[in-house]
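Asks: I have a structure I would like to understand better, so I am pasting it below and will then ask my questions one at a time.
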Amino acid sequence: MIKLEDNRLVETVGMPVTDDKGSVRLTACVSSQVGCPLRCSFCATGKGGFARNLKAHEIVEQVLAIEEVFNNRVTNVVFMGMGEPMLNLKEVLAAHRCLNKKKESRENEDHVKLIKDYMARNETELSKIYDGSYV
Ligand code: SF4
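Quick note: the sequence shown, position 40, residue 39 per numbering that gives the first Met the number 0, numbers continuous.
Rendered as structure tokens:
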């Protein structure tokens, strides 16, 4: 759990996997919202209601916190924590850009991936979907 400046809490999860050669792949599963307005019946986050969207820096900070806790660099990012990323697309895309800049600044960095089926589309397409009404 990460406490935000306004004392709200979000979940973020680090998932380390070591392959046969001893290389560690560390996946960060980050939240994009405090709570979630979609209220899927099977989901504890949805039952807790919705408070607000996260800012881009609050998403990036989750990745940095995981790197600190695991003392390793994050190689993959998935937006499968609290919230629906498509409802906070502007900040999610800003975080994505920032994380990729972080990636580019490292040598031999693995790709930081957004793994959610529709996130496989390119940013231009996603920006067309976003009309600002959810922020
Ligand atoms: S966090 Fe995901 S699964 Fe849970 S209510 Fe929101 S959209 Fe549904």
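Note that beta-carbon positions come from the ideal geometry of N, C-alpha and C, so glycine has one too. Note that the structure is a prediction, hence the values are computed from the model and not measured.
(1) With 16 other CB atoms within 10 Å as the buried threshold, where does T74 fall?
(2) On the DSSP bridge assignment, give the partners of L25 in chain order.
(3) Determine, using beta carbons only, whether I65 and A94 come nearer to each other than 7 Å.
(4) With a threshold of 6 Å (Cβ to nearest heavy atom), would L37 be considered close to the ligand SF4?
(5) Report all residues from its chain with a CB closer than 6 Å to the CB of C28; omit the five preceding and five following residues, and keep chain order.
(6) Use the C-beta contact count for C42: other C-beta atoms within 10 angstroms, 16 or more gives buried, fewer gives exposed.
Replies: According to the structure shown:
(1) Here T74 is buried. Its C-beta has 16 or more other C-beta atoms within 10 Å.
(2) In the DSSP output, where bridge partners are listed per residue, L25 has P15.
(3) no
(4) It does: the Cβ of L37 is within 6 Å (strictly closer) of some heavy atom of the ligand SF4.
(5) Hits under 6 Å: V12, V77, M79, G80.
(6) exposed
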